[in-house]
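Here is the structure we will look at.
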DNA sequence: GACCTGCTGCGGATTG
């Protein structure tokens, strides 16, 4: 054991380490001890799950606390999940008992008397969620300064989960308010397994003192990665009859016989496809699709071990689970190893699935982001991923859940579903965009690139939340104090003083706040009601949900908008149900098992794709190499996509000039594509966008070039463009924000005028 | 064309 850092620890902590039988401190633990005990810096620790991060942070923190006990909470651990807090509570309590450092927890499931006891006699370490910290300000505002007056450390677990979203800004605001209210300057420690850019983590932890943040990364043995992409073709959409489908080989032959004319013409394409003699994919009269082929592959490759298979949507997860159960029962397996885990399932069912994963009996979970982070589920052999993920960050996070023992490789099988070419296929369809994205993202993952988060977002909804919370906490204050606390010292730095004034006037119009004659702002009638409601503590939007119950057993919850009428069917927890009764006033749906199958569609918004990913996809399309991680189908379809790109000369130019329209492939992300679309709209040019391209209803190349010239030379007004957006805001309190402010916020964070201009200018060269 | 997370006090009845 490295003697020097060990000797920096309190003797009681040294003893605890001996007693636990540790042979040596890990490298990140040594560095953390040196930084926390030897400097005044903040800290970010980046290491894989189960890599000893929590101990790295807490061994030195506990040492400091043991040497200097105070009658106040001295360290806070903020966790994003209740289950994670419960896990860490057990570990910390074990470490702290003999040192006589009290460990407390505060979240929604903790009994009120324990919370009361902590408020009356604050001490030691407190494990808490952001929302419960919010409840401290709302319900015990006057006690905050006493309870936290000797706070010296704040540890934030799963730091990356707070980046760029409402909950992260909420947390930053709470921590900033805590410092001001209690008059303390705690040191911050962030923990994460997936950090793109240490610089962003530094900026999140301490925006004013980025160089006071030490980053510690675990550089110990990198594990081997085994990675494969498999592509299956979906029968063409439409009609109840099974539609004919090409094999990947036929798709390649089709691409080779394309001409620039046939690509744009449904008739010519149909004739070419007819020549290839497409087959109706069926098995005993039942049509099979790509998901059936994925299920067959899973049955072959995920047997006899514990695995996670992630999907992009709950509907797809449920559908896949249903098909796997079908196969297991048809083949009469003695045990069905497939379980389902996602956010719409009841706590009981989720815990059952978690227990099965931990049990040692081979289990494969079909899951969503619920199993992406946090709770320990033991040793996972391999990861399946149904459909190309939305972000590289999520792909990395998911891959990281496998091969947890050092000597084991990380394994991922990524399944891509592409439409078989059909008579109405667009050029974009013929380029197999999901396969391109899967390869592009894989290349970026291997390069260690991850999406950065938007630092300049205004977060209008969360600012409204914090204004209301602050007024509730204090009873009222002048507008200037709000500006100083939230916008200058707090996280809402992208909001100017005049923008805050516009916002406050808007809030007064809605009676959320009002100004008393002396000038102070206080809560208005509606503001009082909102801050008193149970769901105020949460900064993010939540939908109205109905509980789905079979007899006394709760299966899960579904949004009110997707509940089928009585007599119809739904798919939940991998089982088929029929709706028996709906009790509207109790928000309850009674169901029973039934053979009828209808996948439940969950509502949701589309994701944003980063420009770097689109640029990589272009490279994939124009490169010649065929990565070894592609299966034969994927290689064949990639060849077909490249052949098609060659036919329409996408290798030489990004534009395809048709008779009646002009299709441009700018290879930019969602934000820039949205901006290009709004620019065309403000120039009154009819157009459509798809996954890869924007098609202008222009017949003359000159008109197209004139538009690009106009955009690249003028100084487009981003706010004026944002005014044209159809959906201005969807976060919790956006409805209370003045439209002008939402336009300014959207101009900043949902559009990218400078990249749009640069893209137009580059196309002109 | 998407996923995830989280949270009262208080009055009244009942019990020791």
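Residue numbers (our numbering): 102 to 866.
Don't be surprised by glycine CBs; every beta carbon is placed ideally from N, CA and C.
Q: Report the three-state DSSP secondary structure of residue 202 (helix, strand or coil).
A: coil
Q) Mind pulling the alpha helix (DSSP H) runs of 4 or more residues that sit fully within the segment 587–614? A) 598–610
Q: Would you grab the beta carbon distance between residue 113 and residue 199 for me? Rounded to a whole angstrom, and I think it's under 8 Å.
A: 7 Å
Q) In whole angstroms, what separates the C-alpha of residue 374 from that of residue 748? A) 17 Å
Q: Just the C-alpha distance for residue 820 and residue 848, rounded to the nearest angstrom, thanks.
A: 5 Å
Q. Whose C-beta lies closer than 8 Å to the C-beta of residue 578 among residues of the same chain, with five residues either side of it excluded?
A. Excluding the 5 residues flanking it on each side, residue 578 has same chain C-beta neighbours closer than 8 Å at 571, 572, 621, 622, in chain order.
Q. Name the DSSP bridge partner or partners of residue 676?
A. Residue 676 is bridged by DSSP to 673.
(Q) Within a Cβ cutoff of 6 Å, which residues of the same chain sit near residue 103, ignoring the five residues on either side of it in sequence? (A) In this predicted model, residue 103 has a pLDDT of only 46, less than 50, meaning its place in the structure is not dependable enough to derive any value.
Q: Note the first and the last residue of the continuous beta strand (DSSP E) segment covering residue 693.
A: 689–694
Q | Member of 725, 566, 458, 331 whose CA lies at the smallest distance from the CA of residue 613 | A | Closest by alpha carbon: 566.
(Q) Restricting to Cα atoms, I'd like to know which of 770, 690, 718 is closest to residue 708. (A) 770
Q: Answer yes or no: do residue 274 and residue 504 have a C-beta to C-beta separation smaller than 7 Å?
A: no
(Q) Quick check: the Cα distance between residue 547 and residue 295, rounded to an integer number of angstroms? (A) 14 Å
**Q.** Own chain, CB closer than 8 Å to residue 644, minus 5 neighbours either side, in chain order
**A.** 660, 661, 662, 704
Q) Taking C-alpha atoms, which residue in 711, 360, 574, 345 lies nearest to residue 520? A) Looking at the Cα atoms, 345 is the closest of the given residues.
Q.
Looking at residue 773: is its Cβ nearer than 7 Å to the Cβ of residue 712?
A. Their beta carbons are under 7 Å apart, which means residue 773 touches residue 712 by this criterion.
Q: Pick out whichever of 702, 693, 647 has its Cα sitting closest to the Cα of residue 686.
A: 647
Q | DSSP beta-bridge partners of residue 812 | A | In DSSP, residue 812 forms no bridge with anything.
Q.
In whole angstroms, give me the CA-to-CA distance for residue 335 and residue 391.
A. 5 Å
Q. The alpha helix (DSSP H) with residue 569 in it runs from where to where?
A. 561–575
Q: For residue 760, name the three-state secondary structure that DSSP assigns.
A: coil
Q | Test item: CB-CB of residue 514 and residue 759 under 7 Å | A | Result no, Cβ atoms of residue 514 and residue 759 do not sit closer than 7 Å.
Q. With DSSP run on the structure shown, which of helix, strand or coil describes residue 102?
A. A caution first: residue 102 carries a pLDDT of 46, below 50, which makes its placement in the model too unreliable to give a value.
Q. So, helix, strand or coil for residue 765, using DSSP?
A. strand
Q: Determine contact between the segment 411–427 and the segment 441–454, defined as no fewer than three beta-carbon pairs at a distance below 8 Å.
A: yes
Q | Nearest-angstrom Cα separation, counted from residue 618 out to residue 863 | A | When the Cα atoms are used, residue 863 and residue 618 turn out to be separated by approximately 57 Å.
Q: State buried or exposed for residue 768, treating a residue as buried only when at least 16 other CB atoms are found within 10 Å of its CB.
A: Burial check for residue 768: the Cβ neighbour count within 10 Å reaches 16 or more, so the residue is buried.
Q | Sequence-distant residues of the same chain with beta carbon closer than 7 Å to residue 588, five excluded per side | A | Excluding five sequence positions before and after residue 588, the CB atoms of its chain that fall closer than 7 Å to its own CB belong to 594, 596, 601, given in chain order.
Q) Is the Cβ-Cβ distance between residue 693 and residue 677 less than 7 Å? A) no
Q. If you pair each beta-carbon of the segment 234–242 with each one of the segment 254–267, do three or more pairs fall below 8 Å?
A. No, the segment 234–242 does not touch the segment 254–267.
Q) In the structure shown, what three-state DSSP assignment does residue 280 receive? A) helix
Q. Is it true that the CB of residue 543 sits closer than 7 Å to the CB of residue 463?
A. no
**Q.** Helix, strand or coil at residue 416 according to DSSP, with G and I counted as helix
**A.** helix
**Q.** Backbone secondary structure at residue 718 - three-state DSSP
**A.** Of the three classes helix, strand and coil, the one that applies to residue 718 here is helix, per DSSP.
Q. In terms of residues, what are the limits of the alpha helix (DSSP H) holding residue 362?
A. 361–365
**Q.** Expected contact under 8 Å - CB spacing of residue 212 and residue 271 to nearest Å
**A.** Contact flag wrong, Cβ pair sits at about 25 Å.
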